[in-house]
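Residue numbers (this note's numbering): 1044 to 1239. These notes concern the structure reproduced below.
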């Protein structure tokens, strides 16, 4: 009987208080909201992030060193690439021209470049396969031209990966699978360039 009477009094007395405060007698305070971050150009919040996929281009230059092409000293390299940046890797269509006196190296190929780390600045390794024209300095001992398939490997670092224009520095070695009188023509280059 006492319990029934106490229950009736509590409903009678607390009812008006509940109505005064709204439907909830003991409202829970709302959690403090952190300031929202404006989305970047990719729609992400916070620090800009690389696009998941985009078409890119590359132009690079640097010194070139010819092997088995009767071309001592240092030549000049001009390289270009069209590629698809997949964030963790770049699939590439490569082209390069190198000159040293009358020695000429020209190649077209396909390759893939993989990044070893994520972040704004990251090292990478790359491999490629293509067709190369290698013209040696004119001598009686070495055939003047060799055309054949070639393989190449590159190691370097790419800077400012979240920017629209990125800086690249790398070391590349390429080898023609067909031989001349001295062996397989090869090309070693140190290159700097930009991705855009």
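We put the CB at the ideal spot given by N, CA and C, even for glycine.
query                                                                                                                                                                   : result
Where residue 1081 and residue 1217 are concerned, what is the direct C-alpha to C-alpha distance, given to the nearest angstrom?                                       : In this prediction, residue 1081 scores a pLDDT of 41, lower than 50, which makes its location untrustworthy; no coordinate-derived value is stated.
Between the alpha carbons of residue 1207 and residue 1225, how many angstroms are there, rounded?                                                                      : 44 Å
Does residue 1208 come out as helix, strand or coil in the three-state DSSP assignment?                                                                                 : coil
Assuming residue 1117 is part of the beta strand (DSSP E), what are its boundary residues?                                                                              : That residue, residue 1117, is in no beta strand (DSSP E); it is neither H nor E in DSSP.
Look at the alpha carbon of residue 1235 and the alpha carbon of residue 1123, and state the distance between them as a whole number of angstroms.                      : 11 Å
Kindly identify the DSSP beta-bridge partner or partners of residue 1139.                                                                                               : 1122, 1150
Does the distance from the C-beta atom of residue 1106 to that of residue 1233 stay below 8 Å?                                                                          : yes
For residue 1166, does the count of other Cβ atoms within 10 angstroms reach 16, so buried, or fall short, so exposed?                                                  : exposed
If I measure Cβ to Cβ from residue 1159 and keep anything under 8 Å in the same chain, skipping five residues before and after, which residues do I get?                : 1165, 1166, 1167, 1168
Output the distance between the C-alpha atoms of residue 1181 and residue 1145, rounded to the nearest integer angstrom.                                                : 7 Å
Can you find the residues in the same chain that come closer than 6 Å, C-beta to C-beta, to residue 1108, ignoring five residues on each side of it along the sequence? : 1231
Could you round the C-beta distance between residue 1096 and residue 1129 to whole angstroms and report it? I think they count as a contact, below 8 Å.                 : 6 Å
Helix, strand or coil for residue 1180? Go by DSSP, reduced to three states.                                                                                            : coil
Measure the alpha-carbon distance for residue 1120 versus residue 1163 and round it to whole angstroms.                                                                 : 27 Å
Would you decide whether residue 1102 is buried or exposed? Buried here means 16 or more other CB atoms lie within 10 Å of its CB.                                      : exposed
Within a Cβ cutoff of 6 Å, which residues of the same chain sit near residue 1221, ignoring the five residues on either side of it in sequence?                         : 1189, 1191
Can you tell me which of 1148, 1201, 1142 puts its alpha carbon nearest to the alpha carbon of residue 1214?                                                            : 1201
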